[in-house]
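Engineer: For reference, the structure I am asking about is given below.
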Amino acid sequence: MTKLFVDSDGCPVREESIKVACRNNVETFLVCAGGIRPYENPLVQIIFVKEGLDSADDWIVENIEVNDIAVTTDIPLAGRCISKGAVVVKPNGDILSDNNIGPILASRNLNMSLRESGIELGGPPPYSKSDRSNFSSNLENIMKKLISGNS
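If you use the working numbering, the sequence shown closes out at 155, no skipped numbers anywhere.
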């Protein structure tokens, strides 16, 4: 059964994730170091992890399974989830899978090396309404596909 894992610290689409998951009767785990209010819906569980580098990531990777979905902007976490058979949806709606994670990880590593050498690359574009809409639509579509068994 498909489950949803949200890397919740600083996630701009937490509410959208919950709405889509609850509409599809999908158990959801909001994984964070703190600062999230409880939800009344029994499908939504808040998992508090110790503050520290990769604590939330490690919990997600330990618990995610084939045909589950992760919501994150963290590319290394995305790669770890995909290696376990999950699908990743970024808050802008981009879907990451075995088909595209390799070049994305390589680009991220190259950009990190360039920044470490002092080259300024700028940041991502501002988060937009269309990003939010794309996210909700793509999460809904991939969730329905996984639930129906058409992964």
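Glycine included, every Cβ here is placed at the ideal spot set by N, Cα and C.
1. Starting from the C-beta of Val75, find all residues in its chain whose C-beta is less than 6 Å away, skip the five residues before and the five after it, and write them out in chain order.
2. Quick check on Ile64: buried or exposed, where buried means 16 or more other Cβ atoms within 10 Å of its Cβ?
3. DSSP state of Lys148, grouped into three classes?
4. Three-state secondary structure (DSSP) at Glu31?
5. Just the Cα atoms here: how many angstroms apart are Tyr43 and Asp61?
6. Rounded to a whole number of angstroms, what is the C-alpha to C-alpha distance between Cys85 and Gly38?
7. Per DSSP, which one or two residues make a beta bridge with Lys7?
8. By Cβ distance, which residues of its chain are closer than 6 Å to Pro16, with the 5 residues on each side in sequence left out?
9. Does the beta-carbon distance from Asp13 to Cys36 come in below 8 Å?
10. What residue range does the alpha helix (DSSP H) around Ala82 cover?
Structural biologist: This is what the structure holds:
1. Val10, Ser21 and Val93
2. buried
3. helix
4. strand
5. 22 Å
6. 22 Å
7. Glu31
8. Pro95 and Tyr131
9. yes
10. Ile79 to Ser87
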